[in-house]
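Q: In our numbering, the protein residues as written are 1 to 423.
Using N, Cα and C, we set each Cβ at its ideal position, and we do this for glycine too.
Quick caveat: nothing in here was measured; it's all calculated off a predicted structure.
Mind having a look at this structure? Questions to follow.
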């Protein structure tokens, strides 16, 4: 009887889950902090939305380079720097007294940090450890972002109400530097071979999976060669459009959600709880849709996720007409959370399916430029529209139309690499 051993890939999944919780909470916490900044300094929503856009712009510009470092230096080299940058950014944010501080500390520095310790890097790390169970592993790992929203966002709001926003920034930054960084340092490994294992944890005699996972060990293409290859690839542009609209959706909604909910008469604590609950349901969506994508196909799961996301936004718009209904809030949390989580995990798995090889980190970096571009445009667009019209309805309708575009390109244009594989 063969002795069973624990596959370290699941430790990597757990590590990514935990780190995603932190990085997403740090990014979206700006929505909570900006309420305090508006109250104390009187800055407008459009201006603060522009600060959020700087964070996403920094993220977008940096991602191709961090992706390239991932491919050439390894995941560990890149991921260790992420907590340092956004941890320091959080600490310095406690010193904000001028508007330009907002554009540098929680924007520029945090943007650099999440580019080195965020979605594209973790998405490229998972295929180094998993092949057969890539969909479910991706879903579990990336659902950590939901835990970050569920637990840390309400905790941040509570901390602000008790200690104030400056002390909360200090606490958050310190926890990143003295808790998260050591975990990454001691438990992260680049690939299964570093711990004496094989991809998927298969034994060395099972060469079929190992060889598929090792096809990446051929000559490494240059940065320019990768770009030239991607620009003529239809799947790349489908994924680029998809992730642009995911970026527009995520960052427009989460940069304004706390303000919007308080506008429709939810309390600050209730708004933070709804914000966080979306993250919890996002876990379910990420895992379930990631699992479904292994069986019904990535395009079908992605399209269903986009449909649910669009319906969730329509439900969110109804608060303007019915006020602070907790029944409607539950419906919004359920539908939008599942859709949002599903879109993230399916998009990541589709990218890994379409661009197998040791340039996946660079490819994810290029794609995240489009996510960042959506993030740059979304928050200031929604903020300035509100400043001029007093309403978010037009920005929200833009997201609904965007989800229709995602469904069309995913089902009509995207070529599923897995279709040729008979089951």
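Report the three-state DSSP secondary structure of residue 318 (helix, strand or coil).
A: To locate residue 318, count along the chain shown from 1; it is residue 318. Coil.
Q: Specify the secondary structure class of residue 375 as computed by DSSP and reduced to three states.
A: Here residue 375 is taken as the residue at index 375 of the chain shown, counted from 1. Three-state result, residue 375: helix.
Q: Please confirm if the segment 98-116 is in contact with the segment 342-353, defined as three or more CB-CB distances below 8 angstroms between the two stretches.
A: No, because fewer than three Cβ pairs between the segment 98-116 and the segment 342-353 fall closer than 8 angstroms, the two stretches do not touch.
Q: Buried or exposed, going by whether 16 or more other CB atoms sit within 10 Å of the CB of residue 412?
A: Here residue 412 refers to the residue found at position 412 of the chain shown. Counting Cβ neighbours within 10 Å, residue 412 comes out exposed, since fewer than 16 surround it.
Q: I'd like the ranges of any beta strand (DSSP E) spanning at least 3 consecutive residues and lying wholly in the segment 12-64.
A: Whole beta strand (DSSP E) segments, 3+ residues: zero.
Q: Beta-carbon within less than 8 angstroms of residue 262's beta-carbon, same chain only, minus the 5 sequence neighbours each way: which residues are those?
A: On the chain shown, residue 262 is found 262 positions in, with the first residue counted as 1. So the list reads 35, 268, 271, once near-sequence residues are dropped.
Q: Expressed to the nearest angstrom, what Euclidean distance is found between the alpha-carbon atoms of residue 406 and residue 338?
A: Position 406 of the chain shown, counted from the first residue, corresponds to residue 406. Position 338 of the chain shown, counted from the first residue, corresponds to residue 338. In a straight line, the C-alpha of residue 406 is about 16 angstroms away from that of residue 338.
Q: Verify whether the separation of the beta carbon atoms of residue 46 and residue 384 is less than 8 angstroms.
A: Translated into the one-based positions of the chain shown, residue 46 becomes position 46. Translated into the one-based positions of the chain shown, residue 384 becomes position 384. In contact: residue 46 and residue 384 (Cβ atoms closer than 8 angstroms).
Q: Using CA atoms only, rank isn't needed, just tell me which of 295, 359, 26 is closest to residue 419.
A: Against the chain shown, residue 419 aligns to sequence position 419. Answer by Cα proximity: 295.
Q: Taking all protein chains shown into account, do 16 or more other C-beta atoms lie within 10 angstroms of the C-beta of residue 71, making it buried, or fewer, making it exposed?
A: Reading the chain shown from its first residue, position 71 is the one you call residue 71. Its Cβ being crowded by 16 or more others within 10 Å, residue 71 is buried.
Q: If you draw a straight line from the alpha carbon of residue 231 to that of residue 301, how long is it in whole angstroms?
A: Numbered from its first residue, the chain shown carries residue 231 at position 231. Numbered from its first residue, the chain shown carries residue 301 at position 301. Between residue 231 and residue 301, the C-alpha separation is close to 25 angstroms.
Q: Quick check: residue 284 and residue 341, are their CB atoms within less than 8 angstroms of each other?
A: Taking the first residue of the chain shown as position 1, residue 284 is located at position 284. Taking the first residue of the chain shown as position 1, residue 341 is located at position 341. Contact: yes.
Q: Compare the beta carbon distance of residue 25 and residue 148 with 8 angstroms and say whether it is the shorter of the two.
A: For the purposes of this step, residue 25 is taken as residue 25 along the chain shown, with counting starting at 1. For the purposes of this step, residue 148 is taken as residue 148 along the chain shown, with counting starting at 1. Their beta carbons are under 8 angstroms apart, which means residue 25 touches residue 148 by this criterion.
Q: For a test of the three-state rule: what should DSSP assign to residue 276, helix, strand or coil?
A: Stepping through the chain shown from its first residue, residue 276 is reached at position 276. In the structure shown, residue 276 sits in a helix (DSSP, three-state: H, G or I).
Q: With DSSP collapsed to three states, give me the class of residue 10.
A: Within the chain shown, residue 10 is the residue found at index 10, counting from 1. Residue 10 falls in the helix class under three-state DSSP.
Q: Near residue 428, which residues of its chain fall below 6 angstroms by C-beta distance, leaving aside the five closest residues on each side in sequence?
A: Residue 428 lies beyond the stretch modelled for the chain, which goes from 1 to 423, so this question has no answer here.
Q: Under 8 angstroms by Cβ, that's how I've got residue 118 and residue 23 pegged, so tell me the actual separation to the nearest angstrom.
A: The residue you call residue 118 lines up with position 118 of the chain shown. The residue you call residue 23 lines up with position 23 of the chain shown. The pair is a contact, with the Cβ atoms about 5 angstroms apart (cut-off 8 angstroms).
Q: Taking DSSP as the reference, what is the three-state secondary structure of residue 96?
A: Position 96 of the chain shown, counted from the start, is the residue given in the question as residue 96. Note: residue 96 maps to coil in three-state DSSP.
Q: Answer with buried or exposed for residue 176, where buried requires no fewer than 16 other C-beta atoms within 10 angstroms of its C-beta.
A: Working through the chain shown from its first residue, we reach residue 176 at position 176. Buried, by the Cβ-count rule.
Q: Please classify residue 154 as buried or exposed, where buried requires at least 16 neighbouring CB atoms within 10 angstroms.
A: In the chain shown, residue 154 corresponds to position 154, counting from 1. So residue 154 ends up on the buried side.
Q: Could you tell me the boundaries of the alpha helix (DSSP H) in which residue 331 lies?
A: Residue numbering aside, residue 331 sits at position 331 when the chain shown is read from its first letter. From DSSP, the alpha helix (DSSP H) with residue 331 extends over 326-354.
Q: Short of 8 angstroms in beta carbon distance, which residues of its chain neighbour residue 244, apart from the five on each side in sequence? Order them along the chain.
A: Start at 1 with the first residue of the chain shown, and residue 244 comes out as number 244. Answer for residue 244: 370, 371, 373, 374, listed in chain order.
Q: Between the alpha carbons of residue 303 and residue 162, how many angstroms are there, rounded?
A: Residue 303 sits at position 303 when you count from the first residue of the chain shown. Residue 162 sits at position 162 when you count from the first residue of the chain shown. Those two C-alpha atoms are separated by around 43 angstroms.
Q: Does any CB atom of chain D fall closer than 8 angstroms to the CB of residue 233?
A: The chain inventory of the structure shown lacks chain D, comprising one protein chain alone.
Q: If you reduce the DSSP assignment to three classes, tell me which class residue 117 lands in.
A: Looking up residue 117 in the chain shown gives position 117. Coil, per DSSP.
Q: Drop a sphere of 10 angstroms on the beta-carbon of residue 404, count the other beta-carbons inside from all chains shown, and report buried for 16 or more, exposed for fewer.
A: Taking the first residue of the chain shown as position 1, residue 404 is located at position 404. So residue 404 ends up on the exposed side.
Q: Work out the CA separation of residue 195 and residue 210 for me, nearest whole Å.
A: Residue 210 sits at position 210 when you count from the first residue of the chain shown. Residue 195 sits at position 195 when you count from the first residue of the chain shown. Confidence at residue 210 is low in this model, with a pLDDT of 49, below 50, so its placement is unreliable and the value that follows should be read with caution. In a straight line, the C-alpha of residue 210 is about 15 angstroms away from that of residue 195.
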